[in-house]
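Quick note on numbering: the numbering used here labels position 225 of the sequence shown as 214, and the sequence is numbered without any gaps.
Worksheet: one structure, shown below.
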Amino acid sequence: MRDSSILLLTPPYQWLKVQYPSVGIAYLAANLTQFNIRHNIMELSLYQDWQNVLEPHLKKYEFIGISATTSEMSAVGLLVDYIKENAPETIIVLGGVHATSWAKEVLEKFDNIDFCIRGEGEKSLIDLVCHKDKTKINGLCYRDKGKIICSEVTMLQDLDVYPVPDYDKFDWSKYHHQTNWARTVYIITSRGCPFTCTYCSRGIGKIFRPRSPSNVVSEIVHMKGRYRVQKFLIADDNFSLDIQRAKEICRLLIDKKINITWSAGGGLRVDRVDDELFNLMKSSGCVALSLGIESASNKILEEYNKKISVDKIKKAVGMAKNNGITQVHGVFLIGAPSDTREDIFRQLEFAKDLNLDYAFWSNIIPYPDTEIWEWIDKNNYWIVDSPFEAIQKGTFTKYSVIYETPLLSAEEKNILIKNIEIEWAVWRGTHGKLFYRIRYLIRKNSLVYFYAKKFKVFYEMIINLIRDLKYYLNARLSTKNSK
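Right, dumping it as structure tokens:
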């Protein structure tokens, strides 16, 4: 009889190269280690031949735990069928944001998934693997006599008491752009968001639950020492909601002279920042940040229930740049109920006026537990027969449109986003790559640099420069012909 044990997996989702190890899986691994539960980890997207890699491990574990997002559910279906075919006695548990929001639907659709864990899985997974009474396990969903039973979900409160992520069982060599001397990981300094943006699915809860600044910095020191991590990507929903806490994290990094770089890819609201915060971020190693701008129209921002304004966006971007943040990025959305062509092209001009270093446009992906989904459903704006099935396909991208709006067809939205991206690339110089490479070559092209880095590096830089120049000229030609 096998001991209590579990193999943790992420699905074989081949759409993008995996750059960073899963911080969610690493959190689960830390708790399993703390309770001396035998486990292993495999991120199957790292392997083209994932079946051959997985097969030798299948019968070695009593449980298999899978963490998945909504767009990975098609891959999850293939994975669980393969597992049950080759190891039918294995108990399969699904967690992650999709299971949190739609556990009942998962168990109805996927016969080979035995349990779903809603919410945060650190404690619940331990209880399940240790065979605690399933009726008393937080957030657990399961089948019982033809019915699906789901227990109440209680979010973790004091996050400081839980161990930091454990990356011991990850194969760092498999990740894109990771090196042995300068690794990069996600860090989560808080969980939950109290705001109610109409397009946002908040699987992690509405209550803001921060870690203490000292606890956050202790994790950074640990990661740097144990795993040689040099760059951290903050993955909070709301890093600066408590602006004083965010400042204290920065002060501790400065005072302790912790030499790292970090970026905030999200979690910075334009109404929860100030000059002092940006100055401390810069001084503590922040090199990039991304702001959820969403629109250049106050009317659209109000529709999204963002509770911010165009003026606040301008002020926040200006403060970030004035304090020397190297890369200031902006995210824009297309698909608000009253969006017009003029609104969307205004986003492009707004991005230029703000002088963003990078701007990202995406069609809204509507999720069933959001206000935008309810509005589309109520007004029958779907252009697909099964929208929930559509967003679970692995091919769903920012160009995938499954609903219309009163003033824009699905086709128009896609044409607009592609035209805007071309015009932005022309204006920005292919996102700055072309001009940065020219400057880099001029500055670095010395004999010392050439011989130190060898011919291969210099050759690749020349090839990349030619490729970017070609794209830049094609983009200009495309824009000229469209006028």
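Every residue, glycine too, gets a C-beta built ideally from N, C-alpha and C.
Just mark residue i as buried or exposed, buried being the case when its beta carbon has 16 or more other beta carbons within 10 Å.
{"i": "Asn344", "result": "exposed"}
{"i": "Ala57", "result": "buried"}
{"i": "Ser34", "result": "buried"}
{"i": "Tyr388", "result": "exposed"}
{"i": "Gly535", "result": "The chain is shown from -10 up to 472; residue 535 falls before or after that span and cannot be answered."}
{"i": "Glu61", "result": "buried"}
{"i": "Leu(-3)", "result": "buried"}
{"i": "His318", "result": "buried"}
{"i": "Pro355", "result": "buried"}
{"i": "Thr394", "result": "buried"}
{"i": "Ile333", "result": "buried"}
{"i": "Phe24", "result": "exposed"}
{"i": "Lys402", "result": "buried"}
{"i": "Ser476", "result": "Residue 476 cannot be examined here, being either before or after the span of the chain that is shown, -10 to 472."}
{"i": "Asn248", "result": "exposed"}
{"i": "His120", "result": "exposed"}
{"i": "Lys98", "result": "exposed"}
{"i": "Glu109", "result": "buried"}
{"i": "Ser203", "result": "exposed"}
{"i": "Arg381", "result": "With the sequence shown as reference, residue 381 is identified as Gln, and Arg is not the correct amino acid for it. Result: buried."}
How far does the beta strand (DSSP E) with residue i in it reach, from first residue to last?
{"i": "Ser252", "result": "250 to 257"}
{"i": "Trp364", "result": "Run containing Trp364: none in the beta strand (DSSP E); it sits in the alpha helix (DSSP H), 360 to 368."}
{"i": "Leu(-3)", "result": "-6 to -1"}
{"i": "Arg172", "result": "172 to 176"}
{"i": "Asn287", "result": "No beta strand (DSSP E) holds Asn287; the alpha helix (DSSP H) holding it covers 287 to 292."}
{"i": "Gln219", "result": "218 to 223"}
{"i": "Ser351", "result": "347 to 352"}
{"i": "Phe52", "result": "52 to 56"}
{"i": "Ile297", "result": "Taken as a continuous stretch (DSSP letters only), Ile297 belongs to no beta strand (DSSP E), as it is neither H nor E."}
{"i": "Phe104", "result": "104 to 106"}
Going along the chain, which residues of its own chain have a beta-carbon closer than 8 Å to the beta-carbon of residue i, five neighbours each way excluded?
{"i": "Lys271", "result": "Asn312, Gly313, Ile314"}
{"i": "Asp264", "result": "Met308, Asn311, Asn312"}
{"i": "Glu378", "result": "none"}
{"i": "Gln40", "result": "Tyr71"}
When DSSP labels each residue in this structure, what does residue i get in the three-state scheme?
{"i": "Cys239", "result": "helix"}
{"i": "Val118", "result": "helix"}
{"i": "Ile30", "result": "strand"}
{"i": "Leu230", "result": "coil"}
{"i": "Phe377", "result": "helix"}
{"i": "Ile209", "result": "helix"}
{"i": "His46", "result": "helix"}
{"i": "His87", "result": "helix"}
{"i": "Glu61", "result": "helix"}
{"i": "Lys387", "result": "coil"}
{"i": "Ala309", "result": "helix"}
{"i": "Glu74", "result": "helix"}
{"i": "Arg132", "result": "strand"}
{"i": "Gln316", "result": "strand"}
{"i": "Asn41", "result": "helix"}
{"i": "Ala441", "result": "Per-residue confidence for Ala441 stands at a pLDDT of 44, beneath the threshold of 50, marking its modelled position as unreliable; no derived number is given."}
{"i": "Gly214", "result": "helix"}
{"i": "Ile372", "result": "coil"}
{"i": "Gly194", "result": "coil"}
{"i": "Ala325", "result": "coil"}
{"i": "Tyr156", "result": "coil"}
{"i": "Thr143", "result": "coil"}
Output the boundary residues of the alpha helix (DSSP H) element that contains residue i.
{"i": "Asn408", "result": "399 to 417"}
{"i": "Asp264", "result": "264 to 272"}
{"i": "Gln8", "result": "Looking at the DSSP string, Gln8 is not in any alpha helix (DSSP H), and its letter there is neither H nor E."}
{"i": "Ala340", "result": "330 to 343"}
Rank the options by C-alpha distance to the C-alpha of residue i and give the top, closest one.
{"i": "Val12", "options": "Asp155, Leu145, Asp38", "result": "Asp155"}
{"i": "Ala474", "options": "Met308, Trp251, Thr89", "result": "What the structure shows of the chain is the stretch from -10 to 472, and residue 474 is not part of that stretch, so it cannot be assessed."}
{"i": "Val259", "options": "Lys303, Ile411, Glu401", "result": "Lys303"}
{"i": "Lys163", "options": "Ile404, Pro376, Pro10", "result": "Pro10"}
{"i": "Pro211", "options": "Pro152, Gly108, Glu97", "result": "A small correction: the amino acid at residue 211 is His; Pro does not occupy that position in the sequence shown. The shortest C-alpha separation from His211 is found at Pro152."}
{"i": "Tyr36", "options": "Lys288, Ile26, Pro0, Lys93", "result": "Pro0"}
{"i": "Ala340", "options": "Ser375, Trp413, Asn29", "result": "Trp413"}
{"i": "Leu269", "options": "Asn408, Lys158, Asp244", "result": "Asp244"}
{"i": "Arg261", "options": "Phe159, Cys130, Asn227", "result": "Asn227"}
{"i": "Lys246", "options": "Gln233, Val206, Asp374", "result": "Val206"}
{"i": "Asp365", "options": "Leu222, Gly324, Val118", "result": "Inspection of the sequence shows that residue 365 is occupied by Ile rather than by Asp. Of the candidates Leu222, Gly324, Val118, the one whose C-alpha sits nearest the C-alpha of Ile365 is Gly324."}
{"i": "Leu242", "options": "Leu96, Thr79, Glu208, Ser140", "result": "Glu208"}
Could you name the residues of the same chain whose beta carbon sits closer than 7 Å to that of residue i, not counting the 5 residues immediately before and after it, in chain order?
{"i": "Ser201", "result": "Asp149"}
{"i": "Val446", "result": "Residue placement at Val446 is flagged as unreliable, the pLDDT there being 47, under the threshold of 50; the coordinate-derived value follows with that caveat. No residues qualify anywhere along the chain."}
{"i": "Cys186", "result": "Tyr293, Asn294, Lys295"}
Might you give, ordered along the chain, the residues of its own chain that have their beta carbon closer than 6 Å to the beta carbon of residue i, omitting 5 neighbours on each side?
{"i": "Tyr50", "result": "Ser(-6), Ile(-5), Leu(-4)"}
{"i": "Gln336", "result": "Ala285, Phe321"}
{"i": "Gly181", "result": "Ile193, Gly194, Ile196, Phe197, Arg198"}
{"i": "Gly54", "result": "Ile(-5), Leu(-3), Val82"}
Is the Cβ of residue i closer than 8 Å to any Cβ of chain C?
{"i": "Ser286", "result": "Of the protein chains in this structure there is only one, and it is not chain C."}
How about residue i: is its Cβ closer than 7 Å to a heavy atom in the ligand GDP?
{"i": "Ile353", "result": "Absence of the ligand GDP from the depicted structure is noted, as is the absence of any ligand whatsoever, leaving it without description."}
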